[in-house]
Structure formats: structure tokens, C-alpha cells
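Residue numbers (my numbering): 303 to 639.
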């Protein structure tokens, strides 16, 4: 029989924040934990997943979105380090819905070894940061996490049935949890996206504008009409996915240039509507010394802003530099439907 879990996943902003902690722990401990951030509501094993599909479609509609506050770190001795959320009404309610579904479906032969850990009064909600750690790595990891740890507010976005060991997402069994705003009139949202412009290969020639010791980053603000912030994030992801499909191109120095999305930073509801073509795109670039890592740049990018009195001069320089590096303007390439 295959093992399965029913999990809650988060919006893009929350996921990015937690993923940074996972990346830090992987780097610190030399491990490779790759499972996306989530909270498990229940587990089971079966050879007949089809019998769960109809019930999952029904019960998933009952679930609620809401915020989860990860206020502390925890450990399951001897192998797991996790983020511990404060128990709240949303978690309790969603857990009760999925527990009811599984109680109705799971047979005695489908009880997985840790099934009881997800039952009422035994369930410890958690979001795993590292797993299969030995005692030394557990201690090292906890010390590393405690140094800079700050509470994280996560927003529940979706529910999925996933295959375990190895982890596998089943797209047909992933459902966005609807909110009341899904039926409201569209509002205007801005989504901020940070991308890295990667320049590869040796130049065919150089001139006064050429530089080999700088990384290039682009901050874009995309304006959409959407049902909710989650909907706006999804539109931004679709837009950037289409941008990535353009593929690499050559700059005037004969080097290969490509984009890589680093982070969807934030999303705000606005009062002004975008232009007729969506998304409306506003963009600025950063030129950062190569010794500055992506992580440091993302955490401190405001340090690279230009003073107001230098802005006009910088804008002209940026436009010319941008054309040299990219050999093209970044235009409104696609309309998201």
C-alpha cells in the first residue's frame, strides 16, 4: 500500500518566508530537505485512492482559510525540527473536518503506523523545517534557528492529498480553499516580484559600459484585477511563468541572458484600477556587487535604493545600462485572462 497525507499549504508570501528557514537549515547542516512547507491534518495508506476522491472533493469545500501564527520552534526527538503554530479556531476546525472524512473512509487495514498521532487530543500541528537528523545536527540546527528566529504569520491557501515517501504532489487532489471574497467584485492588487537577471558566458568584446563584478536584479510591481490577494498571486505566477517561456537571449556582448524569479515579496489591495491591459508593470533594477548573495540582497534590498537627489541622473544611466545588459526593454508582454 502507498502512504498518503492530507495537508494544508500556504500562500506564496508565507511559503517564501518558511522556505528561507528550510534553506538556511539545509545549508547549515549539509542536508537536503526538499518538501514544501505544510501542516499535515491526517494520514492513511491505501491501494484504492479513487474511493477517497469524491469525499475529498466534498469535504475540502467545508475548509476555511485563515491565519496561522508560527510563534516558536519545536522538535520531535530525535529527528525533526519544526515551526510550532499557536493552536487556533481555524486549525481546530480544519482538523476536525478532515478527521471526520478519514474516520468515514479509512479501513482497519489502511491505518498507517502514525495514524493515531493525528487524532483529536493527540494532534500536534507543525511545519517541518528539517527531518531525519541525528542528535548533533538537531542541536546545531536549533542553535542556528534560535539566533534569528522571529514569529511568522502564515495564511492557509489550499488543501492537498499527497503521496509520501517519497513526497509527491497529486495535482488532481489539490484544492484552493475558497473565501467569501471569491464571489465579490474584482479589486485591484499589486504584486511585487524580485527576479535575478543572470548573465552567462564570456563577452565577445568589452567597452566602458561592461562590468564583470555585478549581479543584476529586477523589482517588478504587477497590477491586476483579482478576487483576492491569493488570486493576484496566482495571476502573477502565471504571468512570470509566461515570461520565463521566452527563454534565454543574447546581449550585445554575445553573452546569454536569462531571468530567474527569486521571490514574490508582497501583495497589496489598491484603490486605482490598472490600465486596460493586464498586468500593468512597473520596474526598477538593482546593480549589486557579486560578493553579495541573493539571500543578503533580498533581506537588505532597500539599502541599494538611490537617494532622491541622484534619482534623475540614475534613471537615465539605468535606462542606457539596461539596454546594454538585456539588449531589450522589458515590455507588457502578455495579457492574463
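By construction, the Cβ of each residue, glycine as well, lies at the ideal position given by its N, Cα and C atoms.
{"Query": "Residue from 439, 551 and 344 whose Cα sits closest to the Cα of residue 403", "Result": "344"}
{"Query": "Proximity to residue 558 [Cα-Cα], best of 565, 564, 548 and 566", "Result": "548"}
{"Query": "Residue 595 at chain C interface by Cβ criterion, 7 Å", "Result": "Although the question refers to chain C, the structure presented lacks it and comprises just one protein chain."}
{"Query": "Stretch-stretch touch, CB-based, cutoff 8 Å, three pairs: the region 430-444 with the region 373-388", "Result": "yes"}
{"Query": "Beta-carbon proximity list for residue 406, same chain, < 8 Å, skipping 5 on both sides", "Result": "357"}
{"Query": "Spatially closest choice to residue 449 from 327, 532 and 586, by CA coordinates", "Result": "327"}
{"Query": "Whole-angstrom distance between residue 524 and residue 330, CA atom to CA atom", "Result": "35 Å"}
{"Query": "7 Å Cβ shell around residue 568 - same chain, five flanking residues per side excluded", "Result": "315 and 494"}
{"Query": "Same chain only: Cβ atoms within 6 Å of residue 478, ignoring 5 sequence neighbours per side", "Result": "460"}
{"Query": "Segment contact flag, the region 493-513 with the region 347-364, C-beta cutoff 8 Å, min 3 pairs", "Result": "no"}
{"Query": "For residue 395, the first and last residue of its enclosing alpha helix (DSSP H)", "Result": "391-407"}
{"Query": "Inter-residue Cα distance where the pair is residue 337 and residue 466", "Result": "10 Å"}
{"Query": "DSSP state of residue 493 mapped onto helix, strand, coil", "Result": "strand"}
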